[in-house]
Every structure is written in C-alpha cells, then in structure tokens.
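K.L.:
Be aware that the sequence shown starts at 13, since it is given in our numbering, and climbs by one per residue.
Just so it is clear, CB atoms sit at the ideal spot from N, CA and C, and this is done for glycine as well.
Just so we're clear, the structure is a prediction, and the values are computed from it rather than from any experiment.
The structure that follows is given in the form of structure tokens.
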Amino acid sequence: MQESILVVGGAGYIGSHTAKLLEKRGYRPVILDDLSTGHQPAARSLPFYQGSYHDTSLLKTILTDHKINTVMHFGAKAIVGESVANPLLYYSANAGGTLRLFEAMIDAGAGHFIFSSTCATFGEPKEVPIHENVTQSPVNPYGQSKLFVEKILKDIHKAHKINSVILRYFNAAGADPDGELGEDHKPETHLIPKAIQVALGREKKLTVNGKDYPTKDGTCIRDYVHINDLADAHIRAMEYLWKNPSCSDFNLGSEKGFSVLEVIEAVSKTAGKPVAHEFGPRRPGDPPVLIADSKKAKQVLGWAPKFSLEEIVATAYRWTKEHPDGYDI
Numbered sequence: 013m014q015e016s017i018l019v020v021g022g023a024g025y026i027g028s029h030t031a032k033l034l035e036k037r038g039y040r041p042v043i044l045d046d047l048s049t050g051h052q053p054a055a056r057s058l059p060f061y062q063g064s065y066h067d068t069s070l071l072k073t074i075l076t077d078h079k080i081n082t083v084m085h086f087g088a089k090a091i092v093g094e095s096v097a098n099p100l101l102y103y104s105a106n107a108g109g110t111l112r113l114f115e116a117m118i119d120a121g122a123g124h125f126i127f128s129s130t131c132a133t134f135g136e137p138k139e140v141p142i143h144e145n146v147t148q149s150p151v152n153p154y155g156q157s158k159l160f161v162e163k164i165l166k167d168i169h170k171a172h173k174i175n176s177v178i179l180r181y182f183n184a185a186g187a188d189p190d191g192e193l194g195e196d197h198k199p200e201t202h203l204i205p206k207a208i209q210v211a212l213g214r215e216k217k218l219t220v221n222g223k224d225y226p227t228k229d230g231t232c233i234r235d236y237v238h239i240n241d242l243a244d245a246h247i248r249a250m251e252y253l254w255k256n257p258s259c260s261d262f263n264l265g266s267e268k269g270f271s272v273l274e275v276i277e278a279v280s281k282t283a284g285k286p287v288a289h290e291f292g293p294r295r296p297g298d299p300p301v302l303i304a305d306s307k308k309a310k311q312v313l314g315w316a317p318k319f320s321l322e323e324i325v326a327t328a329y330r331w332t333k334e335h336p337d338g339y340d341i
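Given below as structure tokens:
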C-alpha cells in the first residue's frame, strides 16, 4: 500500500515539484493549498483540498481519512519586503498558522514533519559558507517567523514526540525538466525569472539592487539550487526521519556562489540576447554573500545537487517561454 504524504502548499512552486517527485517515487501525495499564491493546475490530478493549514477541522479530516503520518509543510508567506511592511501578517501566517497544523497532527497521531525553512533565519551571517551551527539572527519578520517554527519543533519533539527535519534553502530556482511545472509568482521577486521576463521582451529592464558590495563585481553573490534537487532532499529527509526519529536540520545549497551580474549573463547566454538592466539602490538587509555549506546533507542524507546554474536557467527559460501567462489559461 502506498504511503500517503500530506503536502501543505502543494500547489505552490516548491511544493508542486516535490509532490510530483513523491509520486514518481511511489508515494501518494495529498495536496492542501488555499491557492492564495499556488495554482490548481500545479496540483495536477493528485488528491486536492482547497483550504488553509489554519483550519484544524479540515486538517484532522485529511490526516484521518488518508491515514497520514508524515506532513511536508511548504505553506508560508515568503516576500521579505512585505514582511517588513506587514509583520503581523507574517507572524500570523507562518508561525501562528503552523501552530494549528501541529495541533491537528498531535490530535491525529501524525508524528513526522518536514519543514520548509530558509537561509533568511541566519540574517547577515558572520561565517560564509553557512553551516548549520552558524548563529541564527534574522533581520526581517519573514526570517524571524521561520525561526520561531524551528524553535517550536524542538520543543514539541520533546513534549509530543513529533519528529522533524528542518530544511533551510538558499535560492530555489529553475523549473521541472519535463516542462510540466514552473515558477509563477505574482508579483515575481526572484532574480532568474525576472531576468527571463526581460530577455523575452515582457519587461523593459531589470533593476539590480546595489553595485558597491565588497564582491568581485560589486553585486550580491547568492547560492542557487534547482527545484528538483530541493524536492529530492525533501524525500531523502523524510525517509531518513522514518529510520532516525529526531529533530534534525540541514542547509541546502549548491555550495557555489554567483553574482547578480553572472546570473544575468547566464540568462543572456541562454536567451541569445542581452538582458537590459540598470542599477538601483541596495535593499536594506541584503548581505553581500550567502553561500551554503551543505556537507551535513551530503553526509547524512546522501544528497547532492545535480543541476548547474546553466541547467537551472535553461529549465526556467523553457518553461517561461512556453507558459507566457504562467498557469493562467
């Protein structure tokens, strides 16, 4: 009998790619998504419930009816600037709502949890590459709300025997190599899809935030990891947790850093035309360099990213070109 896995936020960007890979590997994903930022077509033909992870009654029904013991949680507000402007929304959605999810799991006896966290919990780190023991000091409510959940997980592991794996992503990027799923955010805040929109002539130019950072070309350096590599890490984390009940954490990145201008050049090369761009002011709280140390994930989970920056850009470019309006028909 197939193991059913509840994928909260499974119609969103990372959740939908993970759900697809779960199905490919013989599991039965069950999707819960309120479609505030997700897209119903991204759930494909999987069992789907439209609703909120704040709704304990709905959660209990899903967990019980599908005999679910493992939950993957991708549901969250995730725009840094918005979190600064509206912190209560982020604390309510990302921390408060997740408490409701934990309550439903405890009531239903579901004991395994995979949490989609972020490198934003580290703020402006004192050490780079960033390993799991680097001090976590978020500089915005988005990162703080995710860190709250990480701390709660450690407490409920002791008190309620909820086992969990915390996965901190660096820059999730790219699209389904099959061309079925992709990145469709409105508004779009990520560098690669924004650069692709310019390359495809849908936007006039890209604004690069800051050109005076202490880096090789003055622009921020980031670690990009393909969406399917992240999906693979979630499944490995889940299977690890079943054999090793614990509260564990892993940083997920390529361990390679690329500047904003290098990413723009990669998009230009894939598109066969230059990406028009201009320089704007720095964004508050943007560290010069964020690169992951993912040795722990490699050693413990046997995980290693397979996609290069060029392949990340190529999959994203192909999906965006073939889906000019995203999932909208």
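For the beta strand (DSSP E) that contains Asp261, what are its first and last residues?
P.N.:
Within the sequence shown, numbered from 1, the residue matching residue 261 stands at position 249. Cys259 to Leu264 is the span of the beta strand (DSSP E), which, as asked, contains Asp261.
K.L.:
On a Cα-Cα basis, can you pick out the residue from Pro205, Gly155 and Ala31 that is closest to Gly297?
P.N.:
Position 285 of the sequence shown, counted from the first residue, corresponds to residue 297. Taking only the C-alpha atoms, the option nearest Gly297 is Gly155.
K.L.:
Have a look at the DSSP bridge pairing and note the partners of Pro41.
P.N.:
On the sequence shown, residue 41 is found 29 positions in, with the first residue counted as 1. Ile17.
K.L.:
Hey, could you find the ends of the alpha helix (DSSP H) Glu195 is sitting in?
P.N.:
Here the question's residue 195 lines up with position 183 in the sequence shown. Counting along the chain, Glu195 falls outside any alpha helix (DSSP H), and DSSP gives it neither H nor E.
K.L.:
Go through the segment 109 to 138 residue by residue and report every complete run of the alpha helix (DSSP H) that reaches 4 residues or more, in order.
P.N.:
Counting whole runs of 4 or more residues, the segment 109 to 138 contains the alpha helix (DSSP H) stretches 109 to 120.
K.L.:
Apart from the five residues just before and just after Thr219, which ones in its own chain have a Cβ nearer than 8 Å to its Cβ?
P.N.:
Within the sequence shown, residue 219 is the residue found at index 207, counting from 1. Contacts found: His289, Glu290, Phe291 and Gly292.
K.L.:
Would Leu44 be called buried (16 or more neighbouring beta carbons within 10 Å of its own) or exposed?
P.N.:
Taking the sequence shown and counting its residues from 1, the one referred to as residue 44 is at position 32. So Leu44 counts as buried.
K.L.:
Ordered along the chain, which non-local residues of its own chain (more than five positions away) have a Cβ less than 6 Å from that of Arg40?
P.N.:
Counting from 1 along the sequence shown, the entry for residue 40 is found at position 28. For Arg40, where only same-chain residues beyond five positions count, the Cβ hits under 6 Å are Gln14 and Ser16.
K.L.:
On the CB-based measure, 16 or more other CB atoms within 10 Å of its CB, does Ser69 come out buried or exposed?
P.N.:
One-based indexing of the sequence shown puts residue 69 at position 57. Answer is exposed; the Cβ neighbour count stays below 16.
K.L.:
Assign Ser95 to one of two classes, buried (16 or more other C-beta atoms within 10 Å of its C-beta) or exposed (fewer than that).
P.N.:
For the purposes of this step, residue 95 is taken as residue 83 along the sequence shown, with counting starting at 1. By the neighbour-count rule (16 or more Cβ atoms within 10 Å), Ser95 is buried.
K.L.:
Roughly how many angstroms separate the alpha carbons of Met117 and Arg295, rounded to a whole number?
P.N.:
Walking along the sequence shown from the start, residue 117 turns up at place 105. Walking along the sequence shown from the start, residue 295 turns up at place 283. Taking the straight line from one Cα to the other gives about 39 Å.
K.L.:
Are the beta-carbon atoms belonging to Gly121 and Val20 less than 8 Å from one another?
P.N.:
One-based indexing of the sequence shown puts residue 121 at position 109. One-based indexing of the sequence shown puts residue 20 at position 8. No, they are not a contact pair.
K.L.:
Please classify Ile266 as buried or exposed, where buried requires at least 16 neighbouring CB atoms within 10 angstroms.
P.N.:
By 1-based counting over the sequence shown, the position of residue 266 is 254. The amino acid occupying residue 266 in the given sequence is Ser; Ile does not appear at that position. Result: buried.
K.L.:
What's the gap between the Cα of Asn98 and the Cα of Ala90?
P.N.:
Counting from one through the sequence shown, the residue named residue 98 turns up at place 86. Counting from one through the sequence shown, the residue named residue 90 turns up at place 78. Going from the Cα of Asn98 to the Cα of Ala90 covers about 12 Å.
K.L.:
Just the C-alpha distance for Phe319 and Lys268, rounded to the nearest angstrom, thanks.
P.N.:
Here residue 319 corresponds to residue number 307 of the sequence shown, with the count starting at 1. Here residue 268 corresponds to residue number 256 of the sequence shown, with the count starting at 1. Cα to Cα, Phe319 sits roughly 12 Å from Lys268.
K.L.:
Go ahead and pull the three-state DSSP assignment for Arg330.
P.N.:
Numbered from its first residue, the sequence shown carries residue 330 at position 318. Helix, per DSSP.
K.L.:
Starting from Tyr61, follow the beta strand (DSSP E) in both directions and report where the run begins and ends.
P.N.:
Translated into positions along the sequence shown, residue 61 becomes position 49. Element bounds for Tyr61: Phe60 to Gln62.
K.L.:
Would you list the one or two residues that DSSP bridges to Ala10?
P.N.:
Because the chain in this structure spans residues 13 to 341, residue 10 falls outside the shown range and cannot be described.
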